[in-house]
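Student: Below are the C-alpha cells for one structure; questions will follow.
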Amino acid sequence: MEVSGKTKVFCVIGDPIEHSLSPMMHNAAFRHSKIDAVYVAFKVEKGTLEDAVKGMHSFGICGMNVTTPHKTAIIKYLDGVDTVAEFVGAVNTVLNANGKLLGFNTDGIGALRALEENGVKTKGKRVLLLGAGGAGRAIAFQLAQEADELIILNRDANKARVLAGALRKRFNKRVVGNDLTPNVLKNWIEDVDVLINATSVGMHPHRDHTLVDKSLLKPELTVMDIVYNPVKTKLLKDAKSVGAKVIYGVEMLVYQGAASFEIWFNQSAPVEVMKEAVLEKLQAGGLSLEQ
Ligand code: ATR
C-alpha cells in the first residue's frame, strides 16, 4: 500500500515499545483488508502522556493502542471509556471519533474469543484464574459473566479478594479471591475445567518459571497462558505433556488486536493474517498452534 497524503495513522504508545508486535500485526491486517492506513509505535515516557494525547488530537491519529505504563493513567485524558475499561481501570484501545477520544479494554474479550475459537466454552464451567493485574482483571470481568464459578488467585491476595467482591456484586455469581500459594492452588485446581495464567510468570527471559507444578495438571484441563514470549511457555509445555488442551498466549494477543481493529473499522479483522504476522515476528517459523 502506497503511503499518501490521505493515509490514516494508527499507533501504539508505551515505554518500552520497540519490541511491540502490534505494528506487524496491524499493518498486515491493513494490507490484507486494503485499508489505506499505517500503524507505528511511539515511545512515550511517563510524564509525557498528556502531550502525547494532545498530539493524537492535533495529528488526527485515528486509533491507538496503549500499553505499559499508560493503561491506567490515560483514562483521565479521554472523553469517555467503555464499561469494561471503567471496571478494570485500564484502557488498551483508543478510538478517535471525530475528535472525541474513547477508551476501550479488549484484553478480556480477546481471551474469551481465544478460548471460544479453540472450541472451549466457559459457560457453566469452573475456571481458575491466576493473576489480578490489569490483564487478569479484564479477563475476570468477562469470565464472571460466563463461568459457573470463578476462582481468582493472586500473589497480592488483597487484590484478588477486592476483585472477586466487586464481580460478585456486579454479576451475582460465585467468585472467590485468594492467595496464590502452592497449597491454595493445589486445593482449587482439582475441581476446575479451565486454568488461565494471567500473570507475567514464565515470560522471557524466565522461560523455565511456572506457578503450577506439573503434577497438578491433568488431561481433562484446558490451560491457557497469556504470556506469548516464548510461544510455548513452561506451563503450556507441561500441560501438553500430560494431555491437557492448551491455548497459546499468541491467540489472546491476536484476538485482543482483532477486537481493537473491529472498534476502529467496524468490520471483521483478518485474524489468520494477524496471527501469521505475529508468529513470524516471534521467529516461530514453522511452529504450529494446532492441538
Ligand atoms: P498486566 O497489565 O500485564 O496484567 P500487571 O498489572 O503488572 O501487568 O500484573 C502482573 C500480574 O502478574 C499480577 O497479578 C502480579 O501479581 P501481584 O499483583 O501480586 O504483583 C503477577 N505476578 C508478577 N510476578 C509474579 C510472581 N513472581 N509470582 C506471582 N505473581 C506474579
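Under my numbering, the first residue of the sequence shown carries the number 991, and numbering increases by one thereafter. Yeah, the Cβ is synthetic: ideal placement off N, Cα and C, and Gly gets one too. All figures in this text were calculated on a predicted structure; none of them were measured in a lab.
1. Residues bridged to R1116 by DSSP?
2. Rounded to a whole number of angstroms, what is the C-alpha to C-alpha distance between P1006 and S1250?
3. What number of angstroms, rounded off, separates the C-alpha of K1044 from the C-alpha of Y1245?
4. Taking buried to mean at least 16 other C-beta atoms within 10 Å of its own C-beta, is G1192 buried or exposed?
5. State buried or exposed for A1042, treating a residue as buried only when at least 16 other CB atoms are found within 10 Å of its CB.
6. Apart from the five residues just before and just after D1146, which ones in its own chain have a Cβ nearer than 8 angstroms to its Cβ?
7. What separation, rounded to the nearest whole angstrom, lies between the Cα atoms of G1247 and I1129?
8. Out of S1010, E1107, K1033, which one is the CA nearest neighbour of M1242?
9. In the structure shown, what three-state DSSP assignment does V1078 receive?
10. What separation, rounded to the nearest whole angstrom, lies between the Cα atoms of P1059 and G1079?
11. By the DSSP assignment, the beta strand (DSSP E) with V999 in it spans what residues?
12. With distances taken between CB atoms, is the gap from D1181 to T1212 smaller than 8 angstroms?
13. Mind reading off the beta-carbon distance from T987 to T1112? Whole number of angstroms is fine, and I expect it under 8 angstroms.
14. Please list the segments of the beta strand (DSSP E) lying wholly inside the region 1150-1208, counting only runs of 3 or more residues, in order along the chain.
15. Tell me the rounded alpha-carbon separation between V1030 and D1069.
16. Could you pull the start and end residues of the beta strand (DSSP E) that G989 belongs to?
17. Using only alpha-carbon positions, find the residue among L1118, T1171, R1164, M1264 that is nearest to D1215.
18. In angstroms with no decimal places, state the Cα-to-Cα distance between G1347 and G1239.
19. Determine whether the beta carbon atoms of N1086 and G1053 lie at a separation below 8 angstroms.
20. Return yes when the Cβ of L1153 is within less than 8 angstroms of the Cβ of I1179, no when it is not.
21. Could you check if N1055 belongs to the surroundings of the ligand ATR, using beta carbon to heavy atom distance under 7 angstroms?
22. Please report the Cβ distance between M1264 and M1015, rounded to the nearest whole angstrom; I am assuming they are in contact, meaning their Cβ atoms lie under 8 angstroms.
23. Do you know offhand how far L1272's Cα is from V1217's?
Tutor: Let me lay it out:
1. Sequence index remark: in the sequence shown, residue 1116 carries index 126 (1-based). DSSP lists E1139 as partners of R1116.
2. Counting from one through the sequence shown, the residue named residue 1006 turns up at place 16. Counting from one through the sequence shown, the residue named residue 1250 turns up at place 260. Approximately 21 angstroms, taken between the alpha carbons.
3. The residue given as residue 1044 occupies position 54 in the sequence shown. The residue given as residue 1245 occupies position 255 in the sequence shown. C-alpha separation (whole angstroms): 28 angstroms.
4. On the sequence shown, position 202 is the one that residue 1192 refers to. Buried, since its Cβ has 16 or more Cβ neighbours within 10 Å.
5. As a first step, residue 1042 is located in the sequence shown; it is residue number 52 there, counting from the start. Looking at its Cβ environment, which holds 16 or more other Cβ atoms inside 10 Å, A1042 is buried.
6. Here residue 1146 corresponds to residue number 156 of the sequence shown, with the count starting at 1. These residues qualify, in order along the chain: A1122.
7. The sequence position of residue 1247 within the sequence shown is 257, counting from 1. The sequence position of residue 1129 within the sequence shown is 139, counting from 1. When rounded, the distance between both Cα atoms is 15 angstroms.
8. The sequence position of residue 1242 within the sequence shown is 252, counting from 1. It is E1107 whose Cα lies nearest to the Cα of M1242.
9. Stepping through the sequence shown from its first residue, residue 1078 is reached at position 88. Of the three classes helix, strand and coil, the one that applies to V1078 here is helix, per DSSP.
10. For the purposes of this step, residue 1059 is taken as residue 69 along the sequence shown, with counting starting at 1. For the purposes of this step, residue 1079 is taken as residue 89 along the sequence shown, with counting starting at 1. The straight-line gap from Cα to Cα measures roughly 13 angstroms.
11. Translated into positions along the sequence shown, residue 999 becomes position 9. First-last of the beta strand (DSSP E) with V999: 998-1004.
12. Counting from one through the sequence shown, the residue named residue 1181 turns up at place 191. Counting from one through the sequence shown, the residue named residue 1212 turns up at place 222. Cβ atoms of D1181 and T1212: not closer than 8 angstroms.
13. Residue 987 falls outside the range modelled here, since the chain spans only 991 to 1281, and no answer is possible.
14. 1164-1169, 1184-1187
15. Against the sequence shown, residue 1030 aligns to sequence position 40. Against the sequence shown, residue 1069 aligns to sequence position 79. Cα to Cα, V1030 sits roughly 23 angstroms from D1069.
16. As shown, the chain starts at 991 and ends at 1281. That puts residue 989 outside it, with no answer to give.
17. Stepping through the sequence shown from its first residue, residue 1215 is reached at position 225. It is L1118.
18. Only positions 991 to 1281 of the chain appear in this structure, which leaves residue 1347 out of reach.
19. Within the sequence shown, numbered from 1, the residue matching residue 1086 stands at position 96. Within the sequence shown, numbered from 1, the residue matching residue 1053 stands at position 63. Going by C-beta atoms, N1086 is nearer than 8 angstroms to G1053.
20. In the sequence shown, the residue the question calls residue 1179 occupies position 189. In the sequence shown, the residue the question calls residue 1153 occupies position 163. No.
21. The sequence position of residue 1055 within the sequence shown is 65, counting from 1. No, the ligand ATR has no heavy atom inside 7 angstroms of this Cβ.
22. Here residue 1264 corresponds to residue number 274 of the sequence shown, with the count starting at 1. Here residue 1015 corresponds to residue number 25 of the sequence shown, with the count starting at 1. The distance from the Cβ of M1264 to that of M1015 is about 5 angstroms, consistent with a contact at the 8 angstroms cut-off.
23. Translated into positions along the sequence shown, residue 1272 becomes position 282. Translated into positions along the sequence shown, residue 1217 becomes position 227. Cα to Cα, the separation comes out at about 12 angstroms.
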